[in-house]
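S.K.: There's a structure below that I have some questions on.
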Amino acid sequence: MTGQPVALAAYIAGGWAPSTAVLDDIRQHMKATLAPYAIPAHLVPLAVMPIQASTGKIDRKLLPDIAESHSLTHDRQPPHEPVGGDNGLIAMREVWRTVLRRDIDGDANFFDVGGHSLKAVELALEIARAFGIRIDVVDIFTHPTLAGLAAYVTSQHRRPAAGNPAVLPRPARTGRADIAVIAMACRFPGADSPEALWELIREGRESIRTLTDSDLRARGVPEALILDAQYVRRAAVLDRVDLFDPGYFGLSEREAVLMDPQHRLFLECTVEALSRAGRGRRSKQTANTGVWAGCYLPSYLVHHLGAARHLDPADPTTFHLAEIGNDKDYLPTRVAYLRGPRRPRHC
199 MTGQPVALAA YIAGGWAPST AVLDDIRQHM KATLAPYAIP AHLVPLAVMP IQASTGKIDR
259 KLLPDIAESH SLTHDRQPPH EPVGGDNGLI AMREVWRTVL RRDIDGDANF FDVGGHSLKA
319 VELALEIARA FGIRIDVVDI FTHPTLAGLA AYVTSQHRRP AAGNPAVLPR PARTGRADIA
379 VIAMACRFPG ADSPEALWEL IREGRESIRT LTDSDLRARG VPEALILDAQ YVRRAAVLDR
439 VDLFDPGYFG LSEREAVLMD PQHRLFLECT VEALSRAGRG RRSKQTANTG VWAGCYLPSY
499 LVHHLGAARH LDPADPTTFH LAEIGNDKDY LPTRVAYLRG PRRPRHC
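Every letter in the sequence shown is one number past the one before it in our numbering, and letter 337, counting from 1, is 535.
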């Protein structure tokens, strides 16, 4: 958003603007003590740090912009162009130039010229587009130099079948990252599908219910509250919550009882959404499927089950089932595990 490069930077001051030689010594010291990805891509010399008078803290807004012409980014080496028409090295240099948005001199180290862990992910994707093969991000950490990575990619390259291009077509850069919504599943009061929800909204129907005295008594609401004129007896009620099938998901009845309804609904919606997208349980096209999920506080455990008696260290089995069935961190991991243990998951 600021137009600044996405990279680590170090602003260095000490009563004088450090010279190039001093900055070179600092960089060599960092190379000896820090991991490659932790070394700042930019060393910016300052006479003094801008300090806010009111707080005594550094005023980041007054720090100079990170510009290539005013910061030392790496130890420059003499140009070392490939000999004998080494197209792999030439192509790799172009990929680095695309990702790092700068010219690359000599046999540079990726982490010395502005690379970091996020850029490594981008580089791996760009290599896949340019060379038609897939590498892991860890390969970039293992082969961080331009020549080393080019040699590794060349060694991993497999000649494509006849009629297939050796290089994947490079998509046009539009500056956009479009997302296609292929399928959805949902559970709302009065609507258990996207189509039903759309109809409910389009028709302007109310989905919040007024509970009767018998409804409230059945749910254990104290009689004093039922008789209180100020008590609001309205609720957002989901239908068919009692139809969860634990066996379908490989769960026991006890696991299901201890599982927060949010987790149960998420499992059902996941299966439904994947089925709508043509990626059901028997589909072999879910290798690159990830899970991103979030949920609310486990009020089911607190208010309905009684958290204290289900989180007793003296009963580790119940403790474990209550934890994985209610904690938010297990919402995506359970789905990822059921779909395959190597799926990415984030909460």
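Glycine included, each C-beta is placed from N, C-alpha and C at the ideal position. A quick note: this is a predicted structure, and the numbers were derived from the prediction, not measured.
Alpha carbon to alpha carbon, how far is D458 from I399?
M.R.: C-alpha separation (whole angstroms): 28 Å.
S.K.: Using only the alpha-carbon positions, how far apart do D525 and F339 sit?
M.R.: Distance between the alpha carbons of D525 and F339 is about 34 Å.
S.K.: Which value, in whole angstroms, describes the spacing of the CA atoms of V242 and T218?
M.R.: Looking at the two C-alpha atoms, the distance is approximately 10 Å.
S.K.: Using 10 angstroms around the beta-carbon of L495, count the other beta-carbons present and answer buried if the total reaches 16, otherwise exposed.
M.R.: Exposed.
S.K.: Once DSSP output is grouped into helix, strand and coil, what is the label at Y209?
M.R.: The answer is strand: DSSP assigns Y209 an E or B state.
S.K.: Suppose contacts are defined by Cβ-Cβ distances below 7 Å. Is V293 in contact with A322 by that definition?
M.R.: No, the Cβ-Cβ distance between V293 and A322 is not below 7 Å.
S.K.: Excluding the five sequence neighbours on either side, which residues of its own chain have a C-beta within less than 7 Å of the C-beta of V435, listed in chain order?
M.R.: Cβ within range, chain order: P387 and R407.
S.K.: Applying the 10 Å Cβ sphere with the 16-neighbour rule, what's the burial state of E466?
M.R.: Buried is the call here.
S.K.: Could you tell me which residues DSSP pairs with V242 in its beta bridges?
M.R.: In DSSP, V242 forms a bridge with Y209.
S.K.: Considering Cα atoms alone, identify which of S450, E451, A383 and G445 is closest to F464.
M.R.: When each option's Cα is compared against that of F464, the closest is A383.
S.K.: Based on the DSSP output, what are the partners of F386 in its beta bridges?
M.R.: BP columns for F386 point to A389.
S.K.: Is the region 438-456 in contact with the region 508-519, if contact means three or more CB pairs nearer than 8 Å?
M.R.: At 8 Å Cβ cutoff, the stretches touch.
S.K.: With a threshold of 7 Å on Cβ separation, who are the neighbours of G478 within its own chain once the five nearest residues in sequence on each side are excluded?
M.R.: Answer for G478: L472, listed in chain order.
S.K.: Which of the three DSSP states is assigned to V489 in this structure?
M.R.: Note: V489 maps to strand in three-state DSSP.
S.K.: Does DSSP classify R462 as helix, strand or coil?
M.R.: Note: R462 maps to helix in three-state DSSP.
S.K.: In the DSSP assignment, the alpha helix (DSSP H) including A416 goes from what residue to what residue?
M.R.: D411 to A416 is the span of the alpha helix (DSSP H), which, as asked, contains A416.
S.K.: Please list the terminal residues of the continuous alpha helix (DSSP H) segment that includes T253.
M.R.: Per DSSP, T253 belongs to no alpha helix (DSSP H) and is neither H nor E.
S.K.: From which residue to which residue does the alpha helix (DSSP H) around S315 run?
M.R.: S315 to F329 is the extent of the alpha helix (DSSP H) around S315.
S.K.: Could you round the C-beta distance between R432 and L414 to whole angstroms and report it? I think they count as a contact, below 8 Å.
M.R.: With 8 Å as the limit, R432 and L414 do not qualify as a contact, their Cβ atoms being about 11 Å apart.
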